[in-house]
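Encoded as structure tokens, the structure appears first; notes follow it.
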Amino acid sequence: MSFPERVKIVEVGPRDGLQNESETVPAEVKVQLIEMLVDAGLPVVESGAFVSPKWVPQMATSAEVFKQINKRNGISYPMLVPNLKGLELAHAAGVQEIALFAAATETFSQKNTNCSIAESIDRFNAVIVEAQSLGMKIRGYISCVLGCPYEGEVSSDTVLMLAQKLFDKGCYEVSLGDTIGVGTAGQARDLVEKLSRQVPIQHLAAHFHDTYGQALANIHAVMQCGISVIDSSVAGLGGCPYAKGATGNVATEDVVYMLNGMGIETGVDMDKLLEAGRFISDFLGREPVSRAATALLRKQAG
Numbered sequence: 007m008s009f010p011e012r013v014k015i016v017e018v019g020p021r022d023g024l025q026n027e028s029e030t031v032p033a034e035v036k037v038q039l040i041e042m043l044v045d046a047g048l049p050v051v052e053s054g055a056f057v058s059p060k061w062v063p064q065m066a067t068s069a070e071v072f073k074q075i076n077k078r079n080g081i082s083y084p085m086l087v088p089n090l091k092g093l094e095l096a097h098a099a100g101v102q103e104i105a106l107f108a109a110a111t112e113t114f115s116q117k118n119t120n121c122s123i124a125e126s127i128d129r130f131n132a133v134i135v136e137a138q139s140l141g142m143k144i145r146g147y148i149s150c151v152l153g154c155p156y157e158g159e160v161s162s163d164t165v166l167m168l169a170q171k172l173f174d175k176g177c178y179e180v181s182l183g184d185t186i187g188v189g190t191a192g193q194a195r196d197l198v199e200k201l202s203r204q205v206p207i208q209h210l211a212a213h214f215h216d217t218y219g220q221a222l223a224n225i226h227a228v229m230q231c232g233i234s235v236i237d238s239s240v241a242g243l244g245g246c247p248y249a250k251g252a253t254g255n256v257a258t259e260d261v262v263y264m265l266n267g268m269g270i271e272t273g274v275d276m277d278k279l280l281e282a283g284r285f286i287s288d289f290l291g292r293e294p295v296s297r298a299a300t301a302l303l304r305k306q307a308g
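For the sequence shown, position 131 matches number 137 in the numbering used here, and the numbering has no gaps at all.
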């Protein structure tokens with residue numbers, strides 16, 4: 007097994023990273039963060055979500071944010087949508103790429119989307135059909151692929167079934183989310199090896215949270231299987247409102263530092279990435295949750 011020569015990093019900080027923050031982040035701060043991340047060389051920046059502001063108030067300004075972004079050629083600014091209503095709002099705002107999601111356990115699906123797995127499949131099928139008719143690109147997420155906060159162990163067969171359905175219906179990429187960060191390298195590798203027999207490896211992505219400090223090890227393991235798309239969050243922002251105790255996604259700075267050290271190209275400028283992480287961390291009034299960022303910023307300060 008060998009590692010990819012280049013990895014595409016999907017930056018999820020402005021959406022997945024900020025959605026669980028209790029302090030309201032104004033639209034102009036989100037826009038500035040997104041533009042700083044693009045300046046740093048990130049090719050995909052998930053910019054918000056068209057979800058109910060009652061349940062995820064932080065995302066209430068997503069339409070405003072999307073309209074204010076200085077969009078650049080060749081950069082993707084996907085927005086998460088949970089249903090046809092969210093898709094309608096995204097289309098009205100001019101969104102060209104959406105992300106949708108399903109969960110690998112019944113309890114998490116009910117907690118997160120108030121529907122069963124079967125109902126979530128019907129829901130995302132309807133969204134995909136409509137999005138395709140509107141000419142939108144579609145990315146899929148699966149939550150809790152390596153563990154569930156309510157049910158514990160997760161069936162890899164369920165993950166495979168969902169991944170196949172998302173891909174077969176038209177998702178160009180399916181991101182595998184270890185939502186509570188309990189997975190280990192061996193488990194992550196085994197899951198990806200199983201899924202890649204049915205879904206082409208170039209259409210799978212890794213989305214690991216770092217709750218147990220395993221995210222980088224898991225990324226390293228799945229890259230050996232051929233994964234070349236990694237989701238991460240600047241400054242380690244994030245969590246999950248439906249997964250108590252889950253910490254943020256793996257920090258983008260940590261991922262880039264590791265990949266740089268392995269000689270794997272990302273196109274990301276670390277200095278500019280550090281600036282983006284410092285910007286949002288200063289706004290939130292805390293240090294970046296990234297060991298690489300903390301060490302490099304201290305080194306810069308002398």
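All C-beta atoms, glycine included, are put in the ideal place defined by N, C-alpha and C.
Among the options, which one has its Cα closest to the Cα of residue i?
{"i": "alanine 212", "options": "Ile270, Gly187 and Tyr218", "result": "Gly187"}
{"i": "leucine 140", "options": "Glu11, Val101, Glu125 and Asp45", "result": "Val101"}
{"i": "aspartate 22", "options": "Arg284, Gly183, Val205 and Ser296", "result": "Gly183"}
{"i": "aspartate 216", "options": "Val35, Gln138 and Asn224", "result": "Asn224"}
{"i": "phenylalanine 296", "options": "Pro20, Ala241 and Lys14", "result": "This sequence places serine at residue 296; phenylalanine is not what is there. Considering only alpha carbons, the answer is Ala241."}
{"i": "alanine 110", "options": "Lys14, Ser238 and Val151", "result": "Val151"}
{"i": "alanine 69", "options": "Arg78, Trp61, Asn79 and Val87", "result": "Val87"}
{"i": "valine 16", "options": "Ser8, Glu27, Ile40 and Ser28", "result": "Ile40"}
{"i": "alanine 307", "options": "Val44, Glu281 and Leu197", "result": "Glu281"}
{"i": "glutamine 74", "options": "Lys36, Ser58 and Asp45", "result": "Lys36"}
{"i": "methionine 229", "options": "Ser202, Thr185 and Ala66", "result": "Ser202"}
{"i": "glutamate 157", "options": "Phe114, Gln170, Ala191 and Leu172", "result": "Phe114"}
{"i": "glycine 19", "options": "Leu172, Val13 and Gln38", "result": "Gln38"}
{"i": "proline 32", "options": "Leu303, Ala298 and Ile286", "result": "Ile286"}
{"i": "leucine 90", "options": "Lys60, Ala132 and Glu112", "result": "Ala132"}
{"i": "asparagine 5", "options": "Glu94, Ser58, Ala98 and Met42", "result": "The shown model of the chain, from 7 to 308, leaves out residue 5, and the question about it has no answer."}
{"i": "valine 198", "options": "Leu172, Ser162, Thr185 and Lys171", "result": "Ser162"}
{"i": "alanine 191", "options": "Ala227, Val160 and Ala108", "result": "Ala227"}
{"i": "threonine 185", "options": "Gln204, Gln170, Pro206 and Pro155", "result": "Pro155"}
{"i": "methionine 264", "options": "Asn79, Ser239 and Leu222", "result": "Leu222"}
{"i": "lysine 278", "options": "Leu290, Asp45 and Phe72", "result": "Asp45"}
Label residue i either buried or exposed according to how many other C-beta atoms from any shown protein chain fall within 10 Å of its C-beta, with 16 as the threshold for buried.
{"i": "tyrosine 248", "result": "Any reading at tyrosine 248 needs caution, since the residue's pLDDT is 49, under 50, leaving its predicted position unreliable; the model's value is listed next. Label assigned to tyrosine 248: buried."}
{"i": "threonine 30", "result": "exposed"}
{"i": "valine 135", "result": "exposed"}
{"i": "glycine 283", "result": "buried"}
{"i": "glutamine 25", "result": "buried"}
{"i": "glycine 92", "result": "buried"}
{"i": "glutamate 314", "result": "Since the first and last residues shown for the chain are 7 and 308, residue 314 lies out of range."}
{"i": "arginine 195", "result": "buried"}
{"i": "proline 10", "result": "buried"}
{"i": "aspartate 174", "result": "exposed"}
{"i": "aspartate 260", "result": "buried"}
{"i": "aspartate 237", "result": "buried"}
{"i": "glutamate 34", "result": "exposed"}
{"i": "asparagine 118", "result": "buried"}
{"i": "asparagine 255", "result": "buried"}
{"i": "glutamine 220", "result": "buried"}
{"i": "serine 122", "result": "exposed"}
{"i": "glycine 189", "result": "buried"}
{"i": "methionine 65", "result": "buried"}
{"i": "proline 294", "result": "buried"}
{"i": "glycine 267", "result": "exposed"}
{"i": "alanine 96", "result": "buried"}
{"i": "serine 8", "result": "exposed"}
{"i": "glutamine 193", "result": "buried"}
{"i": "glycine 269", "result": "exposed"}
{"i": "glycine 273", "result": "exposed"}
Pull the bridge partners of residue i from the DSSP assignment, please.
{"i": "tyrosine 147", "result": "Phe107 and Ser181"}
{"i": "histidine 213", "result": "Gly183 and Asp237"}
{"i": "glycine 158", "result": "Cys154"}
{"i": "glutamate 271", "result": "Arg12"}
With residue i as the anchor, note down where its alpha helix (DSSP H) starts and where it stops.
{"i": "leucine 48", "result": "Where leucine 48 is concerned, there is no enclosing alpha helix (DSSP H), given that its DSSP letter is neither H nor E."}
{"i": "glutamate 199", "result": "191 to 201"}
{"i": "threonine 258", "result": "258 to 267"}
{"i": "glutamine 138", "result": "123 to 139"}
{"i": "isoleucine 225", "result": "221 to 229"}
{"i": "leucine 243", "result": "Looking at the DSSP string, leucine 243 is not in any alpha helix (DSSP H), and its letter there is neither H nor E."}
{"i": "glutamine 306", "result": "297 to 307"}
{"i": "glutamine 74", "result": "68 to 74"}
{"i": "glycine 92", "result": "90 to 99"}
{"i": "arginine 284", "result": "276 to 290"}
So residue i is in the beta strand (DSSP E); what residue range does that whole segment cover?
{"i": "glutamate 112", "result": "First-last for glutamate 112: 112 to 119, but that is the alpha helix (DSSP H), not the beta strand (DSSP E)."}
{"i": "lysine 60", "result": "Unbroken run through lysine 60: none, as it is neither H nor E."}
{"i": "lysine 14", "result": "14 to 17"}
With respect to 7 Å, is the separation between the Cβ of residue i and the closest non-hydrogen atom of the ligand HEM below this value?
{"i": "lysine 200", "result": "Although the ligand HEM was asked about, the structure shown includes no ligands whatsoever."}
- Give a yes or no on contact between the segment 143 to 155 and the segment 166 to 179, applying the rule of three or more CB pairs nearer than 8 Å. yes
- the segment 124 to 131 in contact with the segment 158 to 166 per 3-pair CB rule at 8 Å: no
- Item | the segment 37 to 53 in contact with the segment 71 to 85 per 3-pair CB rule at 8 Å | yes
- Validate contact between the segment 231 to 241 and the segment 195 to 215 using beta carbons, cut 8 Å, 3 pairs: yes
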